[in-house]
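The structure appears right after this line, and notes come after that.
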Amino acid sequence: MRISIFGTGYVGLVTGTCLADVGHDVMCMDVDADKIARLERGEIPIYEPGLDAMVRRNVEEGRLRFTTDAAFAVDFAPLQFIAVGTPPDEDGSADLQYVLAVARSIGQHMGDDKVVVDKSTVPVGTADKVRDAVQGELDARGSSLTVDVCSNPEFLKEGAAIEDFTHGARIIIGTDAERVRETMRECYGPYNRHHEKLMFMDIRSAELTKYAANAMLATKISFMNEIANMAERLGADIEQIRRGIGSDPRIGYHFIYPGCGYGGSCFPKDVQALARTAGEIGYHAELLEAVEGVNQRQKATLFTKLAQAFDGDLSGKTIAVWGLAFKPNTDDMREAPSRALMEALWAAGARVQAFDPEAMGECRRIYGQRDDLALVENREQAVAGADALVICTEWKAFRSIDFAWLKQTLRMPVVVDGRNLFDPQAVKRAGLLYFAVGRGDSL
Ligand code: UGA
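Residue numbers for the sequence shown follow my numbering, so the first one is 44 and each next one is one higher.
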């Protein structure tokens, strides 16, 4: 089956590559000529385990191609995926300008009937806007061609995107047209072999399903962080509480890890956008606003704990930071807790010595060269000469350390652990002061 995908960002590239991998003939279009040229050479703009080899294989075998020519991509296939970005506007609502520009482009160039698939995370009602945008162009040129729009939200996690695409729990398709069902069945057939994963529903429900899923997951995290903050003050241990409540199958063990707040390109943006959508229809989404508020506060706790350990004066101190990415197995630093920490440290006159296995280039890109930021080559160098250590990301390589060595190396024996990686007793036995999340006895 021929498929065109607009947008070669995270979602578009993973979707296009995984669809090509099962035999579809895929054309990926992007307006960024440099990006397309790099992709054609097999250079992948993002860090995602397994993706580079998969892209190269499918390019070599001729099933995955790239173009900057919108007219060519529109003409190429009956199925047109829109997977361009929807960055938040200043007010938190999703900016649809890129999605609608693609829709208009499809309307301008289509020479036969099309099915347009919204893959980007878009607010409820966007499919109608996409349809109107395509139809507007068709009307303008007096065309009687037809377009069907369907919502097919993605549920990929960065760092596990290929696994999530190939073995996802469900494939949500929002449509009101029978022929769209058939087309989408054919498209996803190769990934729907063992049991029925396709869930057909109306378009608005599909659009809202995506936001509801992310908002629910974000709620679980903020809830746990709230309880962790209480546990800390009550002398209780959130890690024991987590196991205690996770054992109830109605709650479950997934996504109840407390930490230094959720980041990334999805949860912060989607929770805000959903709250914004609520506002637009005159509904005050109190829970969503609280989820966001708790998360903002949680990101600030790394700095607060550090400042307390240094009696409020961090000026002139050097702080080692382990982990810059918003989570392991990605180089993405969007909304990462490390950023809130570093920016607060700089404002307080401290220096940062940071190491991350993948996100150093991204950090340099965001912050550039500055005297109060040293990006070093490994975790040991980050700690050398530092006054204290803060762990922001739970990369595997940080999970085991020689506490005695750490005690000897740090100028002050202060470890702030935003991911609860260690047994507080073991850290304390080495003579370190350990500030974890929600572990009363570690204070
Ligand atoms: C998230 C969802 O998990 C995906 O299902 C969804 O498709 C994606 O957003 C999206 O909308 O595109 P992602 O942002 O890649 O995926 O990352 P997650 O693994 O969900 O982690 C998000 C944040 O939550 C991270 O900062 C992580 O550290 C934090 N987190 C996660 C916790 O603090 N505690 C947990 O128990 C789990």
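Yeah, the Cβ is synthetic: ideal placement off N, Cα and C, and Gly gets one too.
Go ahead and pull the three-state DSSP assignment for residue i.
i	result
residue 193	strand
residue 465	coil
residue 448	helix
residue 59	helix
residue 121	coil
residue 69	strand
residue 453	coil
residue 354	coil
residue 137	strand
residue 157	strand
residue 246	helix
residue 262	helix
Please report how far the alpha carbon of residue i lies from the alpha carbon of residue j, in whole angstroms.
i	j	result
residue 429	residue 453	6 angstroms
residue 203	residue 185	45 angstroms
residue 508	residue 349	This structure leaves residue 508 out entirely; the chain is present only between 44 and 486.
residue 463	residue 299	13 angstroms
residue 188	residue 115	18 angstroms
residue 183	residue 335	43 angstroms
residue 207	residue 98	16 angstroms
residue 170	residue 156	17 angstroms
residue 508	residue 331	Limits of the chain in this structure are 44 at one end and 486 at the other, which puts residue 508 out of reach.
residue 53	residue 79	14 angstroms
residue 422	residue 368	14 angstroms
residue 302	residue 94	28 angstroms
residue 286	residue 274	14 angstroms
residue 232	residue 212	15 angstroms
residue 146	residue 49	10 angstroms
residue 380	residue 220	43 angstroms
residue 163	residue 434	32 angstroms
residue 256	residue 337	18 angstroms
Select from the options the residue whose C-alpha is nearest the C-alpha of residue i.
i	options	result
residue 178	367, 190 and 259	190
residue 260	62, 360 and 306	306
residue 87	109, 69 and 192	109
residue 226	243, 309, 265 and 237	243
residue 340	153, 58, 480 and 57	480
residue 342	413, 84, 384 and 195	384
residue 279	71, 467, 294 and 61	467
residue 345	266, 133, 388 and 447	388
residue 372	390, 328 and 440	440
residue 377	402, 148, 447 and 265	402
residue 199	223, 240 and 57	57
Against chain B, with Cβ distances strictly below 7 angstroms, would residue i count as a contact?
i	result
residue 401	The chain inventory of the structure shown lacks chain B, comprising one protein chain alone.
For residue i and residue j, which I take to be in contact (beta-carbon distance under 8 angstroms), what is that distance rounded to the nearest angstrom?
i	j	result
residue 313	residue 254	6 angstroms
residue 73	residue 51	4 angstroms
residue 173	residue 142	7 angstroms
residue 129	residue 137	4 angstroms
residue 125	residue 159	7 angstroms
residue 426	residue 397	With a Cβ gap of about 11 angstroms, residue 426 and residue 397 do not count as contacting.
residue 359	residue 392	6 angstroms
residue 140	residue 180	The Cβ separation is near 16 angstroms, so there is no contact.
residue 85	residue 69	Going by Cβ atoms, the distance from residue 85 to residue 69 rounds to 15 angstroms, so no, they are not a contact pair.
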